[in-house]
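Colleague:
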Amino acid sequence: AAGRARHPLVAGTQAASLVALRGQGTALDLLPDARLALQVPPALLSDDLSPDYGRAPDARPAKALPA
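Last residue of the sequence shown? That's 347 in our numbering, and every number before it is there in order.
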């Protein structure tokens, strides 16, 4: 993730760790707050979304149950 992160401003509970790994940037130790969602400027919203996972998922498909 540190190699892909390009924005100088990083927010989140692990922001300081990411900035330290990159060696540059500003960290904001913030938690998500849905109460502020409507204050996001429309210019920052997008319908073109895709997930960016830092690691593989922990969950694995279950094996078939015996009949």
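Even glycine gets a Cβ: it sits at the ideal position worked out from N, Cα and C.
Can we say the segment 282-295 touches the segment 304-316, given the rule of at least three CB pairs closer than 8 Å?
Modeller: The answer is yes - the segment 304-316 touches the segment 282-295, with three or more Cβ pairs under 8 Å.
Colleague: May I ask which residues mark the beginning and end of the beta strand (DSSP E) holding Leu227?
Modeller: Here the chain covers residues 281 to 347 and nothing more, so residue 227 does not appear.
Colleague: I'd like the span of the beta strand (DSSP E) that includes Leu289, first residue to last.
Modeller: Taking the sequence shown and counting its residues from 1, one reaches residue 289 at position 9. It spans Leu289 to Ala291 - the beta strand (DSSP E) in which Leu289 sits, taken as one unbroken run.
Colleague: So, with DSSP's three-state summary, where would you put Ser297?
Modeller: Counting from one through the sequence shown, the residue named residue 297 turns up at place 17. Three-state result, Ser297: helix.
Colleague: Leaving out five residues before and five after Val299 in sequence, what residues of the same chain have Cβ atoms less than 6 Å from its Cβ?
Modeller: What you label residue 299 is simply residue 19 of the sequence shown in a count that begins at 1. Excluding positions up to five away in sequence, the list reads Val290, Gly305 and Ala307.
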